[in-house]
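Student: Okay, handing you the structure first.
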Amino acid sequence: MKVKGIAKQIVDSLVGITTEISQGRNAGCFGFVDEQGVVVKMTPIEEGGLGGLPLRKLLCHISEMKGKSLIEGLEMIPDNSVLITTRPGKTGLITDVSGVDFFNMPVIAVGVKQDTLAGVGIIFPKEEFFDLATQSEEVDLEILAALTTEEEKEIMRASTELSLKYLEMSTGLEVVEITTQEEYKPEGRTPWRLPRINVKSISADFAEKLVAKSMEVGLGREVAAMGVIDEKGNITQKGETVVGGIGYVPSRILASSCVDITGKSLRQVYAHGVPENAVIVHTHPGGTGVMHMGDANAGPGSWGRSIVAIGHDNEGKVRGATVIENTDTVFDLADEDEELNLRFFDAGTPEEEAEIRNRKFGVAQEYTNLCKPIEIIH
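Heads up, the sequence shown is in our numbering, so the first residue is 1 and it goes up one at a time.
Shown next as structure tokens:
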């Protein structure tokens, strides 16, 4: 899809809202390209909160998000779509590929400085950009694996050289004086949904392989692999075991454990590559398998797949296994958390802010309460 310009009225609306909400907060929407390659239509603009743009609220303008993961919402986006976001304090230069990687569509950045437009840039989905994203994940992990100062220096040099490549990815986009069209109305497309299967157990062989690898790499680094769940609710391994960082496993590296991710965006990989009955399984070194909000977002929240944690001690003894399943409750909590991130800025008194912050802790606790122990079958 070629994008040659964007309507000035859309840009002005985004700059105006960003200036109005101030406080370094961004704003964004989906735009839609006409046959001449100009963005002339958009969804309602959403204000950014504590965690940036509220992705679920953005997607609600495309399709009903009740009971849906982000990937299920992404698959409802029309082919002529672009993501538009403002960048307070910056120009329209785009120096990362996270947006095009996640959404698999052009991303437009509207720079805002001193309450006025500071440039508009665009980046297009390209295979080489997705592979750069994989390289970035790999370099970050290689830094953890470095055993000497000199080795770490070399990896840091490679990381810096990789960062320089990101400076040339985006181009300027013309702002066009053109009449905009009416707001986008959701199309009656058939929803794409992932199956929900009750998780009951995991193969002991699978769990033990992960823990053995976790002990081998040490340093508290998590390891992971994709599993598949059968009709009886039992998980067996699908593909290879991959090594992540301390407290995380990057999404691209994780997917590469079972499918070829070369030249593919995260959206393509998790919608059309990873099996629909996949389960994300990872280790929690030093833990018992109890998970938190981050785990839920990295599993069912983003990719519509249940997530399992295998907790083990520093001698490699398994302490337990739990799952956060792909359920409506996970998505209800994600909706509430987004709303709290926005309400924070509307608080008029310390008491109101304290109430919001306390509820955010409450939401985090409810995520942890969703952890269900599962059996490890020998």
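Heads up, the beta-carbon is just placed ideally off N, CA and C, and yes, glycines get one too.
Is valine 272 buried or exposed, if buried means 16 or more other CB atoms sit within 10 Å of its CB?
Tutor: As a working mapping, residue 272 is identified with position 272 in the sequence shown. Reading the sequence as shown, one finds histidine at residue 272 and not valine. By the neighbour-count rule (16 or more Cβ atoms within 10 Å), histidine 272 is not buried but exposed.
Student: What does a CB cutoff of less than 7 Å around serine 13 pick up in its chain, not counting 5 residues either side in sequence?
Tutor: Looking up residue 13 in the sequence shown gives position 13. Once the five neighbours on either side are set aside, the close Cβ partners of serine 13 are Ile45.
Student: What runs of the alpha helix (DSSP H), each 4 residues or longer, lie entirely inside the segment 99-184?
Tutor: Correct list: 127-145, 149-165.
Student: Between the segment 317-337 and the segment 244-252, can you find at least three pairs of beta-carbon atoms closer than 8 Å?
Tutor: Contact between the segment 244-252 and the segment 317-337 is absent, because fewer than three Cβ pairs lie under 8 Å.
Student: Comparing alpha-carbon positions, which option in Asp101, Thr148, Glu352, Val39 lies nearest leucine 132?
Tutor: To locate residue 132, count along the sequence shown from 1; it is residue 132. Answer by Cα proximity: Asp101.
Student: Could you give the distance in angstroms between the alpha-carbon of methionine 169 and the alpha-carbon of glycine 99?
Tutor: Position 169 of the sequence shown, counted from the start, is the residue given in the question as residue 169. Position 99 of the sequence shown, counted from the start, is the residue given in the question as residue 99. Cα to Cα, the separation comes out at about 13 Å.
Student: Determine the DSSP secondary structure at cysteine 29, reduced to helix, strand or coil.
Tutor: Mapped onto the sequence shown, residue 29 falls at position 29. DSSP places cysteine 29 in strand when its eight states are reduced to three.
Student: Identify, in the order they occur along the chain, each residue of the same chain with its Cβ nearer than 6 Å to the Cβ of cysteine 29, setting aside the five sequence neighbours on each side.
Tutor: Your numbering for residue 29 matches position 29 in the sequence shown. Counting only Cβ-Cβ distances below 6 Å, and skipping sequence neighbours, we find Met42, Thr43, Ile45, Ile84.
Student: Give the straight-line distance between the Cα atoms of phenylalanine 124 and glutamate 75, rounded to the nearest whole angstrom.
Tutor: By 1-based counting over the sequence shown, the position of residue 124 is 124. By 1-based counting over the sequence shown, the position of residue 75 is 75. The straight-line gap from Cα to Cα measures roughly 18 Å.
Student: I need the DSSP call for leucine 210, collapsed to helix, strand or coil.
Tutor: For the purposes of this step, residue 210 is identified with residue 210 of the sequence shown, where counting begins at 1. Three-state result, leucine 210: helix.
Student: Taking Cβ positions, are valine 15 and valine 107 nearer each other than 8 Å?
Tutor: Residue numbering aside, residue 15 sits at position 15 when the sequence shown is read from its first letter. Residue numbering aside, residue 107 sits at position 107 when the sequence shown is read from its first letter. No, these two residues do not count as a Cβ contact at 8 Å.
Student: Please state whether DSSP places serine 302 in a helix, a strand or coil.
Tutor: Start at 1 with the first residue of the sequence shown, and residue 302 comes out as number 302. The answer is helix: DSSP assigns serine 302 an H, G or I state.
Student: At a cut of 8 Å, does the segment 281-294 reach the segment 200-213 through at least three beta carbon pairs?
Tutor: Yes: the two stretches touch, three or more of their Cβ pairs being nearer than 8 Å.
Student: Based on the DSSP secondary-structure assignment, which residues constitute the bridge partners of glutamate 46?
Tutor: Residue 46 sits at position 46 when you count from the first residue of the sequence shown. DSSP lists Gly28 as partners of glutamate 46.
Student: DSSP three-state label for leucine 53, please.
Tutor: Numbered from 1 along the sequence shown, position 53 holds the residue referred to as residue 53. Of the three classes helix, strand and coil, the one that applies to leucine 53 here is coil, per DSSP.
Student: Measure the C-alpha to C-alpha separation of serine 159 and glycine 320 and round it to an integer number of angstroms.
Tutor: Here the question's residue 159 lines up with position 159 in the sequence shown. Here the question's residue 320 lines up with position 320 in the sequence shown. If I take the Cα positions, the gap works out to 37 Å.
Student: Using only the alpha-carbon positions, how far apart do glutamine 237 and valine 228 sit?
Tutor: Within the sequence shown, numbered from 1, the residue matching residue 237 stands at position 237. Within the sequence shown, numbered from 1, the residue matching residue 228 stands at position 228. Approximately 6 Å between the Cα atoms of the pair.
Student: In the DSSP assignment, find the unbroken beta strand (DSSP E) run with histidine 312 in it and report its ends.
Tutor: Within the sequence shown, numbered from 1, the residue matching residue 312 stands at position 312. Start and end: 307-312.
Student: Mapping DSSP to helix, strand and coil, what is asparagine 358?
Tutor: The residue labelled residue 358 in the question sits at position 358 within the sequence shown. Three-state DSSP puts asparagine 358 in a helix.
Student: Would you tell me roughly how many angstroms separate the C-alpha atoms of glutamine 135 and glutamine 181, rounded to the nearest one?
Tutor: As a first step, residue 135 must be located in the sequence shown, where it is residue number 135. As a first step, residue 181 must be located in the sequence shown, where it is residue number 181. Roughly 40 Å between the two C-alpha positions.
Student: Looking at the structure shown, is leucine 83 part of a helix, part of a strand, or coil, going by DSSP?
Tutor: Residue numbering aside, residue 83 sits at position 83 when the sequence shown is read from its first letter. Note: leucine 83 maps to strand in three-state DSSP.
Student: With a threshold of 8 Å on Cβ separation, who are the neighbours of leucine 162 within its own chain once the five nearest residues in sequence on each side are excluded?
Tutor: The residue you call residue 162 lines up with position 162 of the sequence shown. Same-chain partners within the cutoff: Leu132, Gln135, Ser136, Val139.
Student: Sorry if obvious, but does the Cβ on glutamate 161 come closer than 7 Å to a heavy atom of the ligand SAH?
Tutor: As presented, the structure is devoid of all ligands, the ligand SAH included, so that no description of it is given.
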